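Worksheet: one structure, shown below.
In full-length UniProt numbering, the protein residues as written are 1 to 527.
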């Protein structure tokens, strides 16, 4: 990332591509050219209208296209069709993502489509299912690899003959041959790698991997970055230095990349305030590593460079309603197949109970019987550095009881996830549930981004007389929490404390009170 930033800094005005000028706001994006792409014949018959529109737009755009994929709207599914359409138009595509898993996910879905793809990356970090498409494996199995193998064999033979030779002059002659052979081996191997990459229509790598020597002199017509809202902007630039057209796909209303240098953040903010007050450096605006390229381009050029996917295939309509109204301009629609499905309709035997027929349950612990606590022992101090960890024993009992009821009615533990924003609470929940139900998934909200389960129980933890909600005030975190389930969302928390945290939280509590199956736990019964 540092190298890339240095390269960018050293570039003169004349080196800047049109895309760079657009990315830094020196010029506006060109109008999409729909005539140039003609009639688009979609290969995938299951695509919905918003997905088709996003694909048409990304094909027609001449510099930047943002594909905004809210939770469960089939963003990767859309990208696969987009890649196939681009290949059909004889375009070379570089596909990147911030993590190995985000890239492998695309390779897995592209592989059956019989498109020549090369996945660049260390084999040990790739999913076993994509290894056959990795550069490492292809350099051993392609035609050109045969010649490389022969040279390797000759090198091995020469090395064996050195051991048998006693005479210095012969040894020297063999060493000379070896040197030549090694040079030939290196040349042929890099040519083999080069050819494989050059002949491939689609090359896939992580954003960091795109800076590797294998792609040094490669030119691509389009760079696609998936999970762009989870990537640091400096990471994105590694793949974009020579790009002419870029498609970023992600959801800027879910959590941004994890940035741990908080001290730096507050220093930056202070410097910013000083310079802002003096009227200097205004163009930088709010500058933090958490601001992704997706965010920045959207605020720079506005909605015209973005298309949003609007049909979601994950959540029951009631679960979807609040995030849709609050964050996605009420544009999300639940697909017919998912809008009314409940736990009682799972494809195995589940009894119909108060829990399995409700898509949304709210255990409201208000009243002060369920107070949070902050760890103040040594572990607590350590955790406080990691992001102060709070826990709530009584609320954990409510969660455990709810999970018991779900399992008793027939829902398998593998279909249930319990998530919470606080590590302290996660530790308590793990003690209560992990041994009892080994199949259940327990995790932090942040770690569960991009995942889904049939039933999700969220423990909000915060309950105090000062009405402090800490980082529950981050609506992107809550958006992730409330959009993971397919058929059942159970929220446990103190509406009194939480509703005072922010306007967003107040509206969420009001929504739950009106639309959820509202329940009040009895502290006496739990102990």
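From the three backbone atoms N, C-alpha and C, an ideal C-beta is built for every residue, glycine too. Predicted model only: the values in this text are computed from it and were never measured.
Cβ neighbour criterion (16 or more within 10 Å) applied to residue 162: Answer is exposed; the Cβ neighbour count stays below 16.
Per-residue DSSP class, three states only, for residue 295: Per DSSP, reduced to three states, the secondary structure at residue 295 is helical.
Closest by C-alpha distance to residue 314, when choosing among 452, 367, 124, 480: When only C-alpha atoms are compared, the closest one is 452.
Could you tell me the distance, in whole angstroms, from the CA atom of residue 47 to the CA atom of residue 228? Rounded to the nearest whole angstrom, the CA to CA distance from residue 47 to residue 228 is 22 Å.
Using 10 angstroms around the beta-carbon of residue 488, count the other beta-carbons present and answer buried if the total reaches 16, otherwise exposed. Flag for residue 488 reads buried.
Determine the closest residue to residue 56 out of 167, 42, 439, with distance taken between C-alpha atoms. That would be 42, whose Cα lies nearest to the Cα of residue 56.
If you reduce the DSSP assignment to three classes, tell me which class residue 482 lands in. Residue state, collapsed to three classes: helix.
Boundaries (first-last residue) of the alpha helix (DSSP H) holding residue 53: 49-60 is the span of the alpha helix (DSSP H), which, as asked, contains residue 53.
In whole angstroms, what is the alpha-carbon distance linking residue 416 and residue 440? So the alpha carbons of these two residues sit roughly 6 Å apart.
Rounded C-beta distance between residue 575 and residue 433? I'm assuming under 8 Å. This structure leaves residue 575 out entirely; the chain is present only between 1 and 527.
Quick check on residue 3: buried or exposed, where buried means 16 or more other Cβ atoms within 10 Å of its Cβ? Residue environment analysis places residue 3 among the exposed positions, since fewer than 16 neighbouring C-beta atoms fall within 10 angstroms of its C-beta.
Where does residue 427 fall in DSSP's three states? Note: residue 427 maps to helix in three-state DSSP.
Consult DSSP for residue 188 and reduce its assignment to one of helix, strand or coil. Residue state, collapsed to three classes: helix.
Per DSSP, what are the beta-bridge partners of residue 418 in this structure? 442, 457.
From 80, 516, 479, pick the residue whose C-alpha is nearest to that of residue 253; which is it? Residue 479 is the option with its Cα nearest to residue 253.
Please determine, among 466, 69, 36, 80, the residue with the shortest C-alpha to C-alpha distance to residue 60. Out of 466, 69, 36, 80, 36 has the C-alpha closest to the C-alpha of residue 60.
Start and end of the beta strand (DSSP E) containing residue 364? Here the beta strand (DSSP E) through residue 364 covers 360-364.
Less than 8 Å between the CB atoms is what I'm expecting for residue 242 and residue 260, so what's the real figure, rounded? Residue 242 to residue 260, Cβ: 31 Å. No contact.
May I ask which residues mark the beginning and end of the beta strand (DSSP E) holding residue 76? No beta strand (DSSP E) holds residue 76; the alpha helix (DSSP H) holding it covers 75-88.
Taking the C-alpha atoms as reference points, what is the distance between residue 117 and residue 133? Their Cα atoms are separated by approximately 6 Å.
Using the Cβ count rule (16 or more neighbours within 10 Å means buried), how would you classify residue 437? Buried: at least 16 other Cβ atoms inside 10 Å.
What do you reckon, is the C-beta of residue 97 under 8 Å from a heavy atom of the ligand ZN? Ligands in the displayed structure: none, and consequently the ligand ZN is not present.
Within 10 angstroms of the Cβ of residue 383, are there 16 or more other Cβ atoms? Answer buried if so, exposed if not. Any reading at residue 383 needs caution, since the residue's pLDDT is 43, under 50, leaving its predicted position unreliable; the model's value is listed next. Buried: at least 16 other Cβ atoms inside 10 Å.
Extract the residue ranges of the alpha helix (DSSP H) inside the segment 212-273, only unbroken runs of 4 or more that lie entirely within it. Counting only runs that start and end inside the segment 212-273, the alpha helix (DSSP H) elements of at least 4 residues fall at 233-240.
Measure the C-alpha to C-alpha separation of residue 196 and residue 374 and round it to an integer number of angstroms. About 56 Å.
Roughly how many angstroms lie between the CA atoms of residue 246 and residue 150, to the nearest whole one? If you take the alpha carbons of residue 246 and residue 150, they lie about 41 Å apart.
DSSP three-state label for residue 279, please. Unreliable placement is indicated for residue 279, whose pLDDT of 37 sits below 50; the coordinate value is still reported in the next sentence. Coil at residue 279, not helix or strand.
Does the distance from the CB of residue 398 to the CB of residue 249 come in under 9 Å? Contact flag unset, no.
Here's the rule I'm using: 16 or more other beta-carbon atoms within 10 Å means buried, otherwise exposed. How should residue 404 be labelled? Around the beta-carbon of residue 404, fewer than 16 other beta-carbon atoms lie within 10 Å, marking it exposed.
Is the Cβ-Cβ distance between residue 355 and residue 361 less than 9 Å? In this structure, residue 361 lies closer than 9 Å to residue 355 by Cβ.
Residue from 240, 310, 169 with nearest C-alpha to residue 50: Closest option to residue 50, Cα to Cα, is 310.
Cβ-based neighbour list, residue 377, same chain, cut-off 8 Å, excluding 5 preceding and 5 following: Model confidence at residue 377 stands at a pLDDT of 46, short of 50, so the residue's coordinates are unreliable; what they give is reported in the following sentence. Taking residue 377 as the centre and dropping the five residues before and after it, the same chain places no C-beta closer than 8 Å to its C-beta.
For residue 298, which residues in the same chain have their Cβ closer than 7 Å to its Cβ, ignoring the five residues on either side in sequence? The answer, listed in chain order, is 66, 252, 306.
From what residue to what residue does the alpha helix (DSSP H) around residue 46 run? First-last for residue 46: undefined, no H or E at that position.
For residue 107, I'd like the list of residues in its chain whose CB is within less than 6 Å of its CB, leaving aside the five on either flank, ordered along the chain. Close CB contacts of residue 107 within its chain, under the 6 Å cut and outside five residues either way in sequence, are with 119, 130, 133, 204 (chain order).
Evaluate residue 323 with the Cβ neighbour count: other Cβ atoms within 10 Å of its Cβ, from every protein chain shown; 16 or more gives buried, anything less gives exposed. Burial check for residue 323: the Cβ neighbour count within 10 Å reaches 16 or more, so the residue is buried.
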